[in-house]
Structures are given as C-alpha cells and as structure tokens.
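Participant: A single structure is presented below for examination.
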Amino acid sequence: MMNYRQSYDRSLADPVSFWAEQAEAVAWYQRPRNILEHLADGSHRWFADGRLNSSYLALDQQIALGRGEQAALIYDSPVTGVQQRFSYRELRDEVARLAGALRALGVGKGDGVIIYMPMVPQAAMAMLACARLGAVHSVVFGGFAPYELALRIDDAKPKLIVTASCGLEFERVIEYKPLVDKALELALHQPAQVMVWQRPQAMAELHAGRDLDWRETVAHAEPADPVELASGDPLYIMYTSGTTGKPKGIVRDNGGHAVAMQYALPNIFGMQPGDVWWGISDVGWVVGHSLIVYGPLMNGCTTVFYEGKPVRTPDAGAYWRVIQEHKVNALFCAPTAIRAIRKEDPHGELLKHYDLSSLRRLFLAGEKLDSSTQHWLEELTGKPVHDHWWQTETGWPVTAPCTGLGSADQRPGSSSLPVPGYNVQVVDEEGHLLGPNQTGSIVIGLPLPPGCAQTLWGDHPRYLNAYLRTYPGYYHTGDGGYVDEDGFVYIMGRTDDVINVAGHRLSTGEMEELLALHGAVAECAVIAVQDPIKGHVPLGLVVLKDDARLGEEQVQRELVALVRERIGALACFQRVVVVKRLPKTRSGKILRAVLRKIADAEEYAPPSTIDDPAILGEIAERLGAAGFARAC
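The letter at position 403 of the sequence shown is residue 449 when you use our numbering, and the numbering goes up by one with no holes.
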C-alpha cells in the first residue's frame with residue numbers, strides 16, 4: 047500500500063505503469079493492453095483497446111460482489127416529504143427495464159439522449175439506462191431556459207428527450223414540459239420523442255404522436271442487458287459555458303472515467319464499499335455525475351439523492367438532519383451552501399438537535415473556500431473540513447487531500463496537494479515555468495490522467511485551441527494562482543479575475559479572503575470596476591449576517607481599513623457596497639462577470655445558469671445608489 051508521496055511520484059515518473067495498475071480494479075469485459083496512446087495533435091487517450099460497460103460496473107458488478115440487498119440510492123426530498131430506498135438489485139432492475147424501453151424506442155449505441163430532470167431517482171435511472179445501452183446522455187439542469195436547452199439540443203442532436211413534468215424549489219413549482227416544448231420550437235434538430243415522468247405537483251400535457259408517459263412506456267418493457275463498449279466510446283456530454291456564446295460539450299469516455307472514479311472515491315475521499323456518501327449537488331453538474339451517480343455506485347457505496355436546499359427546506363438544520371437520519375459518513379458540497387447555513391444560524395443552534403457521530407469528514411469545492419467559513423464549520427461539527435479543486439473538464443479532483451493515502455494535510459487558503467496523475471505547474475504569460483510562491487496561470491502537464499476530457503462534442507479543434515494550444519505540453523486550466531515550496535496549490539480565481547490596478551496585479555480572491563474574516567460578513571465578492579486613471583479598481587460587495595450588530599457604514603469603513611492594512615494602499619480598495627444577496631448559478635458560483643458589467647454600466651444578459659434573475663435588478667439598484675451602474 048503506497049502512501050501519498052510514493053503514489054504521486056510514481057504517477058508522474060511512470061504514468062503507464064501506475065494507471066495500468068489502477069485499471070486492475072475495473073471489471074473489464076476485455077482488459078486493456080494499450081494503456082496510453084499519444085496522438086499526433088498533442089492529445090492522448092487511455093485504455094484504447096479495453097472494453098467495458100459503466101452501468102454494469104455501477105450495478106450488476108456490485109450485485110455479483112454480494113451487495114444486491116445493500117442500499118444503493120437513498121432519495122430524500124424535503125420539498126415533497128418523500129423518502130425512498132433502492133437496493134442495488136432494485137435499482138438494477140429499474141434501470142434494466144428503462145433501458146429496455148429506450149431500446150424499444152430505437153435508442154442504441156452512439157445515439158444521443160438529453161435528460162432534463164429534477165433531483166428525483168428517475169434522473170439517475172435515465173443516466174444509467176443510457177450507459178447500459180451505450181447511448182450518450184447529456185444531462186441539462188432542470189429549469190434551464192428554453193433557448194439554452196435548444197442550443198444543447200442542436201449540438202447533441204438527441205434521438206430522445208427524457209424529462210419530468212415539473213421541478214420543485216422551496217414553495218415554487220417549475221413546470222418543465224412547457225420549457226421543453228418552447229425549446230423544441232426554437233431548435234433546428236427535432237428528437238423523435240419526449241418521454242415524461244409525471245409528478246403530482248404539476249401534470250404535463252402530452253402531445254399525441256411525440257410525447258410518451260414514462261410509466262406507461264416502461265411498464266411492459268423487456269429488461270436490457272449491458273452492451274459491451276470500447277473504452278473510448280463516449281459515456282456522456284457535459285455542457286459548460288464557452289467564450290463564444292456557444293456552449294462547449296465536454297465528452298467523458300467510458301474507460302478512463304471508470305478508472306478515475308474507482309480510484310478517486312477510496313483514495314481521495316476515503317470511501318469504502320458499504321459507506322454512505324452524500325454528494326450535495328445536482329445531476330445537471332459534473333459533481334452530480336461523478337459524486338452522486340457513477341463514483342459512489344461503482345465503489346459499492348450508498349449514495350444520498352437530495353431534493354432540497356441547505357436552508358428553507360425547512361430550515362438551516364436540513365443538512366444535519368440528513369446526516370443523522372441516513373448515517374452519512376462523508377459529504378461534498380459547495381462553500382456557498384455552508385455560508386447560507388451560517389448566515390441563518392450563525393451559532394449553530396440547530397445543529398444541537400442532531401447527531402453527527404456517523405460523519406467522518408466534509409469536502410468543499412466549486413468555488414474558493416475562505417478560511418473563515420472553513421474554521422466555522424470545523425468548530426461547529428468537530429469534523430475535518432477539506433478544500434479541493436477540480437473542473438468540469440477534469441471530471442474529478444485535481445488537488446485534494448488524499449485521505450485514503452494517509453494525506454490530509456491542509457494549509458489555510460490552499461486547495462491542498464495535487465492528486466496523483468496531475469502534474470500541476472505555474473507559468474507566466476509566455477509559458478515559462480515559475481518558481482514557488484510566484485503567481486501565474488495554473489497548468490497541468492500532459493498527459494492528463496484518465497477521466498479528463500480529451501475532446502469536445504463535434505468540435506475537436508476547439509478543444510485543442512481552448513485547452514492545449516496556449517501552453518504547448520500543458521493543459522490550460524484558465525485558473526490563476528501559485529504553488530508553494532512544499533507543493534501546496536493556491537487557486538486565486540480565474541485568470542481574468544486578476545485585477546491590474548495601476549500596473550499592480552492583485553487577486554480578488556485574496557481580497558475576498560480578507561473581507562470574509564470580518565465577523566459581520568456572511569458572503570462577499572470583489573470585482574474590478576473601470577477607472578479612468580488606474581485602469582481598474584476593486585469594489586467589494588458584501589452580504590451581512592442576520593445577527594450583525596454593526597451598521598453598514600461602520601462595516602464598510604472597517605473592511606476598507608482591513609484590506610488597506612493587509613494588502614496596502616496600492617490595492618486602491620476604497621468602496622464596499624452592502625447588498626441583500628449575491629447573484630449565483632444554481633450550483634452556487636457567484637456571477638462575478640455579470641457583477642462587473644453591472645458596475646461598469648455595460649449591457650448584460652442574465653445567464654442561463656442564474657438561480658434567481660430578479661436579483662440582478664436589486665444589485666443594479668444598490669450599485670446605482672452607490673454611484674456605480676449609472677446606465678442601469
């Protein structure tokens with residue numbers, strides 16, 4: 047059993063041998079002999095001659111290993127009051143019947159299926175059913191705007207759309223079927239059929255000849271066995287924002303993804319078969335694929351499928367209830383969820399009602415984890431809280447404490463050490479390697495480890511230009527930061543979030559870290575606003591805690607003084623605006639680019655990923671009153 051340092055060093059010195067050994071954990075139909083193949087265009091592929099099926103690995107293989115009666119999926123929906131448990135055998139049978147129904151509709155290997163679902167078990171079943179047939183699924187976050195859904199329909203060209211009649215948020219019912227119908231009016235490509243899971247909160251109208259009722263379609267279907275696939279066959283497409291306005295379809299292959307998932311859960315997250323894992327996200331995001339569906343199931347864990355929020359379903363104790371009731375051993379969530387809990391329950395009074403003895407550790411990622419939030423959560427729960435960093439493109443963590451390898455070292459502000467397989471480096475604008483503690487662009491030396499995307503759906507040149515051409519020999523992450531003398535990685539934000547103030551390159555992430563230290567601040571964001579003399583100057587936007595006793599003006603003065611004291615007058619940090627809330631994506635990321643446009647009085651469109659578009663008007667009003675956003 048190698049420790050972290052041995053594993054990491056070997057993974058870089060001899061990646062072929064290292065990943066060939068890790069691939070032994072996968073139940074291949076045909077074990078790969080061609081472990082790593084370098085392609086002429088600079089990209090590469092793993093396990094090219096291997097053959098497998100991801101649905102088999104997640105379900106059938108677990109039953110073969112004796113886990114048939116173990117809980118595979120626990121559905122907990124505080125918004126409906128419904129809870130369900132599916133054993134591995136029950137889940138396999140549901141997925142096999144659904145796959146048989148899809149096969150009867152003409153869906154087969156290589157066909158596209160778009161899944162537009164809320165957080166209900168049927169969303170996971172649809173993903174696994176597609177994987178069982180070799181169909182390529184693309185999960186689009188339920189409730190996405192019709193125009194954005196139409197873009198994805200035209201790019202993926204699905205044979206079928208799988209959806210639900212509605213999704214639920216707090217006390218809102220969001221009808222999905224009208225959104226799908228509108229998207230199909232806008233789309234050039236027309237899928238043959240739309241299959242609808244009817245929910246009692248809002249029954250959908252079905253159009254004769256095209257729309258199908260899920261239950262009726264599946265009721266008499268013959269179960270489908272897993273289809274043998276090549277390692278390089280695509281498992282799914284995950285769309286992420288692109289600078290051109292056209293979304294980028296990240297492609298995940300079956301073989302590399304399976305090896306990565308079966309490596310990550312035990313070695314990074316410390317999970318073993320039979321453990322209860324809770325990935326708190328949505329299947330519309332990459333976390334939902336890696337840490338709600340495929341990763342936990344491929345490792346024989348029980349996965350919690352949660353339809354709710356950290357607060358208001360019904361209160362800020364919701365997470366603690368789920369941990370107690372389902373005996374959760376470890377979880378993943380975004381820092382913004384914890385900040386929301388802290389804002390409503392700053393002293394953790396609600397936690398006192400629950401037993402967290404089953405919980406071993408918490409992992410946070412998706413945005414920068416400020417030390418204030420990390421320390422609050424650790425003190426409140428008495429459990430280790432681990433920051434880590436990854437991207438949609440990588441599909442699994444790039445930096446993380448590898449708890450299963452005996453490494454859980456942490457440093458404030460760092461997302462930890464690189465995971466084995468990831469050669470993390472820092473370069474300047476000309477691609478020259480920088481030394482310890484020098485800030486630049488974070489890159490990853492090639493080859494990327496298995497599981498990372500190696501192309502975009504239908505547009506390989508765009509993949510090469512976006513990720514491999516900027517710094518030859520490296521994958522361009524788009525994030526900036528530095529690596530210290532001991533190898534700990536510090537992510538300071540996207541490279542376009544570095545402010546140039548009168549020639550000084552300053553990190554908004556560092557300023558946000560300071561603002562978050564103030565006892566009255568619940569959340570914050572620092573953006574660059576245009577300045578006729580200095581080019582840009584920073585502007586802080588803060589949300590105060592509900593129990594904050596200081597007035598806005600005093601908080602503003604103290605925050606300005608704090609940044610000037612810790613960073614210096616060169617930061618030109620002079621303005622703080624208090625807002626009721628910050629605009630975020632549904633996955634919890636703050637929309638800093640939109641905030642910059644509002645502050646600079648530029649035209650902007652509400653992004654398709656925004657959680658609540660109405661908040662933009664509130665922000666514009668506050669910034670306008672403060673002397674910004676004059677054109678809004």
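Just so it is clear, CB atoms sit at the ideal spot from N, CA and C, and this is done for glycine as well. Given the structure is predicted, the values throughout are model-derived calculations rather than measurements.
How many Å lie between isoleucine 384 and proline 356 at the Cα?
Facilitator: The straight-line gap from Cα to Cα measures roughly 8 Å.
Participant: By the DSSP assignment, the beta strand (DSSP E) with aspartate 259 in it spans what residues?
Facilitator: Its beta strand (DSSP E) spans residues 257-259.
Participant: Identify whether proline 280 lies in helix, strand or coil by the three-state DSSP scheme.
Facilitator: Of the three classes helix, strand and coil, the one that applies to proline 280 here is strand, per DSSP.
Participant: Check whether the stretch 484-501 and the stretch 452-469 are in contact - that is, three or more C-beta pairs closer than 8 Å.
Facilitator: Contact holds: three or more Cβ-Cβ distances are below 8 Å.
Participant: If you run the structure through DSSP and keep just helix, strand and coil, what is aspartate 122?
Facilitator: The answer is strand: DSSP assigns aspartate 122 an E or B state.
Participant: Consult DSSP for valine 622 and reduce its assignment to one of helix, strand or coil.
Facilitator: Residue state, collapsed to three classes: strand.
Participant: Please state whether DSSP places leucine 82 in a helix, a strand or coil.
Facilitator: Note: leucine 82 maps to strand in three-state DSSP.
Participant: Can you give me the start and stop residues for the beta strand (DSSP E) that threonine 348 sits inside?
Facilitator: That run of the beta strand (DSSP E) goes 348-352.
Participant: What does DSSP give as the partner residues of methionine 241 in its beta bridges?
Facilitator: Note: methionine 241 sits in a beta bridge opposite Val208, Leu258.
Participant: Could you tell me the alpha carbon to alpha carbon distance between aspartate 474 and glutamate 531, rounded to whole angstroms?
Facilitator: Each residue's alpha carbon lies about 17 Å from the other.
Participant: With H, G and I counted as helix, E and B as strand and the rest as coil, what does DSSP make of threonine 289?
Facilitator: A caution first: threonine 289 carries a pLDDT of 49, below 50, which makes its placement in the model too unreliable to give a value.
Participant: Could you give the DSSP three-state label for alanine 677: helix, strand or coil?
Facilitator: In this prediction, alanine 677 scores a pLDDT of 35, lower than 50, which makes its location untrustworthy; no coordinate-derived value is stated.
Participant: Less than 8 Å between C-beta atoms, sequence neighbours within five positions excluded: which residues of the same chain meet that for valine 589?
Facilitator: These residues qualify, in order along the chain: Lys389, Val567, Ala568, Glu569, Cys570, Val624, Val625, Lys626, Arg627, Leu628.
Participant: Report the three-state DSSP secondary structure of histidine 522 (helix, strand or coil).
Facilitator: Strand.
Participant: With 8 Å as the threshold, decide whether the Cβ of alanine 607 is near any Cβ in chain C.
Facilitator: Annotation note: the requested chain C is absent from the structure, which comprises a single protein chain.
Participant: Below 6 Å CB to CB, which residues in the same chain sit around leucine 616 once its five sequence neighbours on both sides are set aside?
Facilitator: Contacts found: His550.
Participant: Counting only runs of 3+ residues fully inside the stretch 376-431, write out the beta strand (DSSP E) ranges in chain order.
Facilitator: Here the runs fully enclosed are 376-379, 407-410.
Participant: If I measure Cβ to Cβ from aspartate 87 and keep anything under 7 Å in the same chain, skipping five residues before and after, which residues do I get?
Facilitator: Same-chain partners within the cutoff: Leu510.
Participant: Going by DSSP in three states, lysine 373 sits in which element: helix, strand or coil?
Facilitator: Of the three classes helix, strand and coil, the one that applies to lysine 373 here is coil, per DSSP.
Participant: Please return the same chain residues whose Cβ sits closer than 7 Å to the Cβ of proline 659, not counting the five positions on each side in sequence.
Facilitator: Here the set comprises Pro652.
Participant: By DSSP, does isoleucine 573 sit in helix, in strand, or in coil?
Facilitator: Three-state DSSP puts isoleucine 573 in a strand.
Participant: For the stretch 82-169, which segments carrying the beta strand (DSSP E) assignment without a break, of at least 3 residues, lie completely within its bounds, in sequence order?
Facilitator: As far as the stretch 82-169 is concerned, its whole beta strand (DSSP E) runs of at least 3 residues are 82-84, 90-92, 117-123, 128-133, 158-162.
Participant: Alpha carbon to alpha carbon, how far is histidine 421 from arginine 407?
Facilitator: Taking the straight line joining both Cα atoms gives about 14 Å.
Participant: Looking at the structure shown, is histidine 506 part of a helix, part of a strand, or coil, going by DSSP?
Facilitator: Three-state result, histidine 506: helix.
Participant: Going by Cα to Cα distance, which pick from Leu85, Ile161, Ile490, Ala671 is closest to leucine 58?
Facilitator: Considering only alpha carbons, the answer is Ile490.
Participant: First and last residue of the alpha helix (DSSP H) that includes methionine 538?
Facilitator: It is not in any alpha helix (DSSP H) - methionine 538 instead sits in the beta strand (DSSP E) that spans 535-540.
Participant: Quick one, which of Arg79, Ala310, Leu402, Ser101 has its alpha-carbon nearest threonine 449's?
Facilitator: When only C-alpha atoms are compared, the closest one is Ala310.
Participant: Express the C-alpha separation of serine 403 and aspartate 505 in angstroms, rounding to a whole number.
Facilitator: The alpha-carbon atoms of aspartate 505 and serine 403 are separated by roughly 49 Å.
Participant: Rounding to the nearest angstrom, what Cα-Cα distance links glutamate 604 and alanine 362 in this structure?
Facilitator: If you take the alpha carbons of glutamate 604 and alanine 362, they lie about 28 Å apart.
Participant: Would you report the Cα separation of valine 332 and serine 460, rounded to the nearest angstrom?
Facilitator: The alpha-carbon atoms of valine 332 and serine 460 are separated by roughly 22 Å.
Participant: Classify alanine 607 as helix, strand or coil using the three-state DSSP reduction.
Facilitator: If DSSP states are grouped into helix, strand and coil, alanine 607 belongs with the helices.
Participant: Take the Cβ of glutamate 70 as the centre, count every other Cβ of all protein chains shown within 10 Å, and call the residue buried at 16 or more, exposed below.
Facilitator: The residue in question, glutamate 70, is exposed, as its Cβ has fewer than 16 Cβ neighbours within 10 Å.
Participant: For the beta strand (DSSP E) holding leucine 587, just list the boundary residues, first then last.
Facilitator: 581-590 is the extent of the beta strand (DSSP E) around leucine 587.
Participant: For histidine 393, count neighbouring Cβ atoms within 10 angstroms of its own Cβ and tell me buried if that reaches 16, exposed if not.
Facilitator: With fewer than 16 other Cβ atoms within 10 Å, it is exposed.
Participant: Can you give me the C-alpha to C-alpha distance between proline 204 and serine 418, rounded to a whole angstrom?
Facilitator: C-alpha separation (whole angstroms): 45 Å.
Participant: Could you give the uninterrupted runs of the alpha helix (DSSP H) lying entirely in the stretch 183-237, keeping only those of 4 residues or more?
Facilitator: Those alpha helix (DSSP H) runs which fall completely within the stretch 183-237 and span 4+ residues are 192-202, 223-232.
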